[in-house]
Every structure is written in structure tokens, then in C-alpha cells.
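Worksheet: the structure to be examined is printed underneath.
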Ligand SMILES: [Zn+2]
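In the numbering used here, the protein residues as written are 12 to 81.
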């Protein structure tokens, strides 16, 4: 089976697990893109439930998604 249709990039065929910078869970590159949209919405909903004092700004995406030192 060839699953490259979903990858979008095309260079560097290493399947890397990436961390969602919002919730900290690990996802594959393709699923992270999908997850991020959901996660951002979730974040906004969760934060909107909190009183203004306790709200946090949404985490910013790291500049280099493929070069995150662990
Ligand atoms: Zn997330």
C-alpha cells in the first residue's frame, strides 16, 4: 500500500511523530495537521469557559516543526 497521497510534503520519507504544541500529544505529520484544527477549537472553547483572569493565550506554533530538540 502506498500512503503518500496524504503526506503532502514529499521530501524526507521518515514518518516522524510530532508533538501537538497545544495539548502535547503525539501525532503523525498527517494526523497532526487534522488534529491541530480540532485542538485549536477545543482550546478556544475550554478557555472561553474560564474566567478572564485564568485564560491563557493559545500556544504559538514552533518555527521549525521538523527540528524540535527533545
Ligand atoms: Zn492537540
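Positions of the beta carbon are idealized from the N, C-alpha and C atoms, including for glycine. Computed from a predicted model, the values in this text were never measured in an experiment.
Inter-residue spacing [alpha-carbon to alpha-carbon] between residue i and residue j
i          : j          : result
residue 57 : residue 32 : 16 Å
residue 43 : residue 63 : 29 Å
residue 71 : residue 60 : 21 Å
residue 68 : residue 74 : 17 Å
residue 27 : residue 39 : 6 Å
residue 41 : residue 55 : 22 Å
residue 45 : residue 37 : 13 Å
Strand pairing of residue i, partner residues [DSSP]
i          : result
residue 37 : 30
Within-8 Å CB hit, residue i to chain D
i          : result
residue 30 : The structure shown contains no chain D, having only a single protein chain.
Nonlocal neighbours in the same chain, by C-beta distance under 6 Å from residue i, ignoring five residues either side
i          : result
residue 53 : none
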